[in-house]
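**Student:** Chains as they are written, first to last, in my numbering: chain A, 13 to 277; chain B, 236 to 530. Quick one: the structure is below, and I'll ask about it shortly.
Laid out in structure tokens, this is it:
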């Protein structure tokens with residue numbers, strides 16, 4: 013379909029420079045509709061927080077940007093190309109605790125995995141790859157633990173290793189699935205600093221989170237999602253009590269006249 | 236030492252040793268991939284699904300490994316895509332393929348009544364009667380499998396560690412699974428006549444699991460697994476030979492090899508917590524040194 017291959021060519025708001033452009037996207041898993049009506053775009057250097065309750069379709073949306081979920085309506089353009097064609101330019105950062113903590117790989121080996129597509133089939137990582145991996149670990153404050161087994165690190169350190177893997181990939185769009193879940197304060201700060209540096213370097217960031225404070229710190233835009241899109245725009249104008257109530261339904265609770273909003277994930 | 240070397244003065248014992256060492260090293264190396272991908276059950280399944288192939292080959296008058304190969308490849312090809320379906324799941328797809336194929340084998344056997352001797356061979360092999368041609372075939376197939384896995388090692392490790400990340404990077408995980416499945420199937424088939432399904436499974440799983448207990452790197456894990464596999468083959472053969480020559484005890488060579496492998500596994504199991512404590516202390520020391528430097 014030529015329309016889905018180059019939808020940003022005549023896009024109104026996004027323009028051709030968008031790192032990610034979603035147009036009225038509907039997604040299905042095993043033909044069960046999961047997400048509908050998502051329209052959003054991310055420019056290089058910008059960060060979008062994907063906010064919504066558990067089971068809202070946030071992870072499905074991230075997987076769709078990787079081209080791993082069927083788009084049943086609308087279109088997704090990554091750097092002006094189809095998601096499958098742009099995979100090399102997109103880094104995906106999973107939650108650290110979905111990975112086997114007993115697996116015998118070192119932190120540095122995990123970071124090197126971000127270079128594998130660049131290295132290509134049948135070849136070993138070279139000097140440049142090792143340097144890039146070491147530098148990526150340095151950026152998340154883990155240079156001293158490069159040789160430690162991945163599973164022997166704390167949850168926050170593992171999350172930083174996975175971000176370092178994305179840094180080593182030198183991607184132009186980063187997708188992060190709940191990167192702050194169960195992460196200690198030090199790791200949180202180092203993750204935020206690394207994300208800010210990546211954005212300053214021109215990378216676009218899309219991350220899912222439950223934490224509104226971290227959404228404000230890590231991103232300048234937000235997208236509210238609970239199967240449908242409930243809002244998209246600057247964080248301040250989007251993460252409002254009214255829109256959060258609409259997104260979370262009965263799972264949101266306003267305290268002291270909506271000055272403070274509590275949501276159940 | 237003479238106890239362990241004397242048995243191999245006889246030519247048939249030398250051939251048996253060569254085959255056992257080859258399969259020990261091959262099983263150890265391929266076993267690392269099997270264990271990291273949690274495919275031990277797949278190995279068990281393969282050892283059953285080759286059964287109808289062997290029966291069919293016996294009926295048709297083919298060489299037995301050829302029949303086994305056909306069904307092993309069929310298993311490998313069926314399991315990878317079926318297991319990738321989220322609704323079926325990897326373990327259920329293995330169980331379905333295994334029971335279906337085993338049932339075919341049972342049905343074929345019940346057509347004929349003269350299979351009894353051939354079937355014990357399938358289970359235990361005949362390591363002491365292995366020919367020079369079989370040893371060469373094992374070496375050739377083993378080399379091909381090791382080269383394939385070696386060339387794809389970084390992708391296979393990534394797929395085993397982080398399947399979602401591998402797919403996100405654009406790797407076709409089903410294709411990688413298929414390659415590994417085929418390699419394991421080839422190892423099972425080439426080892427079948429010599430050592431039987433029980434010992435090939437032991438070679439594929441026990442050394443690698445034992446090695447994983449005492450190592451933290453895949454490279455060292457592979458070396459240790461190969462060494463343990465070879466050690467099991469050598470010591471097991473020597474033990475069964477000495478038991479029968481010196482004490483008149485007829486201990487099957489395959490059973491003796493499995494016993495040595497299990498002993499190695501138990502030793503590693505006992506050693507693992509000790510090593511872990513030593514490593515933790517070393518890491519703590521390094522941390523303290525780094526803190527001292529910083530201060």
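Here a beta-carbon is modelled for each residue, glycine too, at the ideal position from N, C-alpha and C.
Starting from residue 377 of chain B, trace the alpha helix (DSSP H) in both directions and tell me its first and last residue.
**Tutor:** It spans 367 to 386 - the alpha helix (DSSP H) in which residue 377 of chain B sits, taken as one unbroken run.
**Student:** Can you round the beta-carbon distance between residue 68 of chain A and residue 237 of chain A to whole angstroms, since I take them to be within the 8 angstroms contact cut?
**Tutor:** Confirmed, about 5 angstroms.
**Student:** Tell me whether the beta-carbon of residue 395 of chain B lies closer than 7 angstroms to the beta-carbon of residue 271 of chain B.
**Tutor:** Yes, they are a contact pair.
**Student:** In three-state DSSP terms, what is residue 249 of chain B?
**Tutor:** Residue 249 of chain B: helix per DSSP, three-state reduction.
**Student:** Could you confirm whether any beta carbon from chain B is found closer than 7 angstroms to the beta carbon of residue 260 of chain A?
**Tutor:** Cβ-Cβ to chain B under 7 angstroms: no for residue 260 of chain A.
**Student:** Return the chain-ordered list of same chain residues with a C-beta closer than 7 angstroms to the C-beta of residue 465 of chain B, the five sequence neighbours on each side being excluded.
**Tutor:** 256, 259, 260.
**Student:** Listing by chain order, which chain B residues have their CB less than 8 angstroms from the CB of residue 112 of chain A?
**Tutor:** Those are 396, listed as they occur along chain B.
**Student:** Please give the ranges of any alpha helix (DSSP H) in the stretch 247 to 310 of chain B, keeping only runs that are unbroken, at least 4 residues long and fully inside the region.
**Tutor:** As far as the stretch 247 to 310 of chain B is concerned, its whole alpha helix (DSSP H) runs of at least 4 residues are 275 to 295.
**Student:** Got a sec? Which residues, its chain only, sit under 8 angstroms from residue 15 of chain A by beta carbon, not counting five neighbours each side?
**Tutor:** With a pLDDT of 41 at residue 15 of chain A, under the threshold of 50, the predicted position of this residue should be treated as unreliable, and no value is reported.
**Student:** What residues in its chain sit with their C-beta under 8 angstroms from that of residue 481 of chain B, if we drop five residues either side in the sequence?
**Tutor:** Nothing listed; no residue qualifies.
**Student:** Excluding the five sequence neighbours on either side, which residues of its own chain have a C-beta within less than 8 angstroms of the C-beta of residue 238 of chain B, listed in chain order?
**Tutor:** Taken in chain order, the residues that qualify are 473, 477.
**Student:** Compute the Euclidean distance between the alpha carbons of residue 369 of chain B and residue 281 of chain B, then round it to the nearest angstrom.
**Tutor:** In a straight line, the C-alpha of residue 369 of chain B is about 20 angstroms away from that of residue 281 of chain B.
**Student:** Can a CB atom of chain A be found closer than 7 angstroms to the CB of residue 441 of chain B?
**Tutor:** So, not an interface residue.
**Student:** State yes or no: is the beta carbon of residue 456 of chain B nearer than 7 angstroms to at least one beta carbon in chain A?
**Tutor:** Yes - at least one Cβ of chain A is within 7 angstroms of the one on residue 456 of chain B.
**Student:** Judging by CA-CA distance, which residue of B/339, B/307, B/363 is the nearest neighbour of residue 413 of chain B?
**Tutor:** Nearest of B/339, B/307, B/363 to residue 413 of chain B, Cα basis: B/307.
**Student:** According to DSSP, which residues form a beta bridge with residue 33 of chain A?
**Tutor:** In the DSSP output, where bridge partners are listed per residue, residue 33 of chain A has A/53, A/89.
**Student:** Closest by CA to residue 488 of chain B, which one among B/499, B/495, B/475?
**Tutor:** That would be B/475, whose Cα lies nearest to the Cα of residue 488 of chain B.
**Student:** Output yes if chain A places a C-beta closer than 7 angstroms to the C-beta of residue 452 of chain B; else output no.
**Tutor:** With 7 angstroms as the cut-off, residue 452 of chain B counts as an interface residue toward chain A.
**Student:** Please say whether residue 451 of chain B and residue 127 of chain A have beta carbons closer to each other than 7 angstroms?
**Tutor:** Cβ distance not < 7 angstroms, so residue 127 of chain A and residue 451 of chain B don't count as in contact.
**Student:** Could you tell me whether the Cβ of residue 161 of chain A comes closer than 7 angstroms to any Cβ of chain B?
**Tutor:** Yes, because at least one Cβ of chain B sits closer than 7 angstroms to the Cβ of residue 161 of chain A.
**Student:** Using the three-state DSSP reduction, which class does residue 450 of chain B fall into: helix, strand or coil?
**Tutor:** Looking at residue 450 of chain B - three-state DSSP - the assignment turns out to be coil, as it is neither helix nor strand.
**Student:** Using 8 angstroms as the cut-off, can you tell me whether the stretch 132 to 144 of chain A makes contact with the stretch 193 to 204 of chain A, which would need three or more C-beta pairs spanning the two stretches below that distance?
**Tutor:** As far as the Cβ criterion goes, the stretch 132 to 144 of chain A does not touch the stretch 193 to 204 of chain A, which means the pair count is below three.
**Student:** At 8 angstroms on the CB atoms, spell out the chain B contacts of residue 99 of chain A, in chain order.
**Tutor:** Within chain B, the residues near residue 99 of chain A are 403, 404, 405.
**Student:** Among residues of its own chain, excluding the 5 on either side of residue 499 of chain B, which ones have a beta-carbon nearer than 8 angstroms to its beta-carbon?
**Tutor:** Contacts found: 441, 442, 445, 463, 466, 467.
**Student:** I'd like to know whether the C-beta of residue 263 of chain B is nearer than 7 angstroms to at least one C-beta of chain A.
**Tutor:** Judged by the 7 angstroms Cβ criterion, residue 263 of chain B is not in contact with chain A.
**Student:** How many Å lie between residue 7 of chain A and residue 117 of chain A at the Cα?
**Tutor:** Since the first residue of chain A shown is 13 and the last is 277, residue 7 of chain A is not available in this structure.
**Student:** Ignoring anything shorter than 3 residues or poking outside the stretch 172 to 225 of chain A, list the beta strand (DSSP E) runs there in chain order.
**Tutor:** The stretch 172 to 225 of chain A contains these whole beta strand (DSSP E) runs: 185 to 189, 216 to 221.
**Student:** Which bits of chain A does residue 464 of chain B rub up against, with CB to CB less than 9 angstroms?
**Tutor:** The premise fails here: residue 464 of chain B is roughly 18 angstroms from chain A at the closest Cβ pair, so nothing lies under 9 angstroms.
**Student:** Leaving out five residues before and five after residue 178 of chain A in sequence, what residues of the same chain have Cβ atoms less than 7 angstroms from its Cβ?
**Tutor:** 103, 105, 126, 186, listed in sequence order.
**Student:** With DSSP collapsed to three states, give me the class of residue 416 of chain B.
**Tutor:** Looking at residue 416 of chain B - three-state DSSP - the assignment turns out to be helix.
**Student:** Check residue 242 of chain B in the structure and name its three-state DSSP category.
**Tutor:** Here residue 242 of chain B sits in helix by DSSP.
**Student:** The beta strand (DSSP E) with residue 244 of chain A in it runs from where to where?
**Tutor:** Looking at the DSSP string, the run of the beta strand (DSSP E) that includes residue 244 of chain A is 240 to 246.
**Student:** Quick check: what's the CA-CA separation for residue 123 of chain A versus residue 320 of chain B?
**Tutor:** Residue 123 of chain A and residue 320 of chain B: Cα-Cα distance of roughly 29 angstroms.
**Student:** Does residue 510 of chain B have its Cβ less than 7 angstroms from a Cβ in chain A?
**Tutor:** Not an interface residue.
**Student:** Are the beta-carbon atoms belonging to residue 220 of chain A and residue 189 of chain A less than 7 angstroms from one another?
**Tutor:** Yes, they are a contact pair.
**Student:** Let me know the secondary structure DSSP gives residue 236 of chain B once reduced to three states.
**Tutor:** Residue 236 of chain B: coil per DSSP, three-state reduction.
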